[in-house]
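Have a look at the structure below before the remarks.
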Amino acid sequence: MLDPIAPTDAVRNLLDAYRVFSQEMQNIGQAKANLVKSIIARVDAERVEQAREKLKNFSYDRQP
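Residue numbers (our numbering): 470 to 533.
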């Protein structure tokens, strides 16, 4: 008779597959987070550059 507590090979394989799937999902989530950070950094860098350009052209003598 089979031991009801001991997992069969099929259950073990399924658990292993789930672990791999779970890890891949975490990797995808981390990749998405990294992509968002990269996009934010690029947008921030563009805004900084635009602000620098505005400051270069700024003069106290000019009227708004």
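Beta carbons: idealized from backbone N, C-alpha and C, even for Gly. Every value quoted in this text rests on a predicted model; they were computed, and no experiment measured them.
Check                                                               : Outcome
Endpoints, the alpha helix (DSSP H) within which SER528 is located  : Note, SER528: premise wrong, no alpha helix (DSSP H); not H, not E.
Rounded C-alpha distance that separates GLN495 from PRO476          : 26 angstroms
Cβ-heavy atom distance, VAL489 to the ligand SAH, below 8 angstroms : The ligand SAH is not part of the structure shown, which contains no ligands of any sort.
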